[in-house]
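Going by this note's numbering, 835 is the number at position 307 of the sequence shown; the sequence numbering is gapless. Data first, discussion second: the structure below is written as structure tokens.
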Amino acid sequence: MGQPVREYLLTLCVTVAVTYLLTGPVRKFAIAAGAMPEIRARDVHREPTPRLGGIAMFGGLCAGLLVADHLRNLNGVFELSNEPRALLSGAALIWLIGVLDDKFEIDALIKLGAQMIAAGVMVIQGLTILWIPVPGIGTVSLTQWQGNLLTVALVVITINAVNFVDGLDGLAAGMVCIAAAAFFLYSYRLWFGYGIEQAAPATLFAAILMGMCLGFLPHNMHPARIFMGDSGSMLIGLVLAASAISITGQVDPDAMALFAGGERNATRAMLPVFIPLLLPLTIIAIPMADLLLAIVRRTWKGQSPFAADRGHLHHRLLELGHSHSRAVLIMYFWSGLIAFGAVAYSVNSGSMWIVLAIAALSALGLLLLLLPRFTPRAPRWAEGLVPPRYRHAGRLAEAAAEAAARDATGREPEPVRPIAAGVSGVNGATAVGPRSRFPDRRKADSTR
């Protein structure tokens with residue numbers, strides 16, 4: 529088992545490296561190509577930022593598949609299954625449409641049709657749902673048309689859910705990375721824990737998807753230097769959907785020997801089989817909720833469901849008073865709690881500790897939502913390791929006053945003395961240098 533883990537780690541690292549190294553040149557290309565749209569009313573960023581980050585992410589996808597194809601243990605995924613080729617075909621098509629949209633703003637209905645075509649391309653090459661396990665009934669075989677329609681619907685819904693949540697720096701890439709990590713743990717356990725080879729492609733897709741997101745995140749965290757655009761958000765949405773489809777409906781309960789020991793034991797043992805139906809939904813639970821709320825909200829107002837607005841969940845977090853970074857971290861927290869909670873419950877559904885831990889973390893998440901203005905402060909010995917906004921206000925006020933003194937006099941300032949009626953510093957701190965530095969009161973006010 530150790531050898532496959534090392535090969536997955538190598539594939540992950542190569543995908544991260546290629547995506548990270550390509551993002552810088554892609555940013556320069558996007559600026560030269562004019563893929564820097566003007567700021568819209570619904571946008572959160574304040575400066576025009578280049579798009580087309582999906583080009584680097586697609587390069588990471590191709591590199592990850594290429595490396596995996598030359599590894600001894602992962603090469604069997606390509607020899608025994610056509611799913612990697614199906615994924616690459618659908619991903620290339622949706623990526624091309626996304627690149628055109630980032631540059632020329634394609635109509636929403638055209639993009640929807642392209643998403644359905646990309647899903648159809650994967651279905652034609654064998655990446656489709658064959659049967660679904662239904663609690664209380666058992667395994668239900670699907671007809672060819674039923675499986676195809678269900679597959680296309682899942683792909684389109686997942687792509688648009690990820691696209692809808694791509695509204696803050698680092699939000700979509702981080703949430704999908706968390707989802708991919710949870711799905712990797714689940715599918716890897718099915719493959720090596722139960723010996724189900726059908727889970728191998730999903731495990732590979734999840735590892736590559738993690739690498740694509742991790743490689744892009746350093747360039748996309750707030751303040752973002754480049755956006756993934758639709759070329760990236762639709763791409764990672766399709767890869768996430770392909771991972772779910774690859775394992776959903778592919779697991780045979782008979783292969784897991786679950787029906788021994790009575791009906792009650794069989795029902796409990798069947799939980800890992802039902803989880804493939806639930807885990808994809810839990811992974812995109814927050815983007816899906818955002819998507820449904822947006823459709824209802826816009827339809828209620830008489831607008832098109834595809835019309836953009838500032839009513840998404842991340843916009844509401846900002847309106848509550850959360851900072852940009854805090855809003856992203858809260859969304860990360862809830863995504864990880866839902867996704868990894870489902871995985872933990874599938875491993876041991878009878879453990880009360882898991883249920884209590886999920887309940888406690890949920891309470892913590894609600895508490896974070898209710899404290900939008902709470903700003904953590906790092907210890908003084910660690911202030912040099914954290915961004916300025918997490919340092920103590922006194923230190924920031926002194927630094928600001930010293931910088932202002934240098935600009936005004938061109939020499940090192942006198943020691944800063946806090947007084948009661950001084951100039952307000954950062955976060956309400958009060959500090960000021962010699963009063964002769966500002967002979968005119970209006971000049972002093974203009975420096976605040």
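Just so you know, even glycine gets a beta-carbon here, dropped at the ideal spot from N, CA and C. Remember, it's a predicted structure, so these values are computed and weren't measured experimentally.
- Between Thr547 and Ser759, the alpha-carbon positions lie close to 14 Å from each other.
- Counting C-beta pairs closer than 8 Å gives fewer than three between the stretch 652-661 and the stretch 625-641, which falls short of the contact rule.
- Val554 has its alpha-carbon roughly 10 Å from the corresponding atom of Ala560.
- Non-local beta-carbon contacts of Gly626 in its own chain, meaning distances under 6 Å to residues more than five positions away in sequence, involve Gly582, Asp758, Ser759, Met762 in chain order.
- Secondary structure of Ser890 (DSSP, three-state): helix.
- For Leu602, there is no enclosing alpha helix (DSSP H), since its DSSP letter is neither H nor E.
- Secondary structure of Ser609 (DSSP, three-state): coil.
- Cβ atoms of Val704 and Val690 come within 8 Å of each other, at about 6 Å.
- In this structure, DSSP gives Ile634 a state outside helix and strand, which the three-state scheme calls coil.
- Across the structure, Ile775 and Pro751 are spaced so that their CA atoms are roughly 37 Å apart.
- Annotation: the stretch 665-747 contains the following complete segments of the alpha helix (DSSP H) (minimum length 4 residues), in chain order: 672-693, 699-722.
- Here the stretch 586-598 makes no contact with the stretch 717-727; the two share fewer than three CB pairs at distances below 8 Å.
- If you ignore the 5 residues before and after Pro532, its C-beta comes within less than 8 Å of the C-beta of Asn601, Leu602, Phe720, all in its own chain and listed in chain order.
- When the beta-carbon positions are compared, Leu737 and Val767 come within less than 8 Å of each other.
- Pairing Gly698 with Met749 gives a Cβ-Cβ distance under 8 Å.
- Within a 10 Å sphere around the beta-carbon of Lys639 sit 16 or more other beta-carbons, which makes this residue buried.
- In the pairwise beta carbon analysis, the stretch 721-734 is classified as not touching the stretch 671-678: fewer than three pairs are separated by under 8 Å.
- Cβ neighbours of Pro578 within its own chain (closer than 6 Å, five residues either side excluded): Arg555, Ala558, Ile559, Ala563, Met564, Ile754.
- For the set Tyr714, Ala545, Met644, the Cα lying nearest the Cα of Asn688 is the one of Met644.
- A residue is called buried once 16 or more other Cβ atoms fall within 10 Å of its Cβ, and Trp623 is buried on that count.
- Residue pairing by DSSP leaves Ile823 without any beta bridge partner.
- A residue is called buried when at least 16 other Cβ atoms come within 10 angstroms of its Cβ; Leu884 does not meet this threshold and is exposed.
- Across the set Val684, Pro729, Leu550, Ile886, the C-alpha of Val684 shows the shortest separation from the C-alpha of Gly641.
- Residue pairing for Ile660: DSSP places it in a beta bridge opposite Val668.
- For the options Leu550, Arg908, Gly604, His598, the alpha carbon positioned closest to that of Leu580 is the one of Leu550.
- For Ala596, the closest of Ala772, Thr543, Gly723, Ile652 by C-alpha to C-alpha distance is Thr543.
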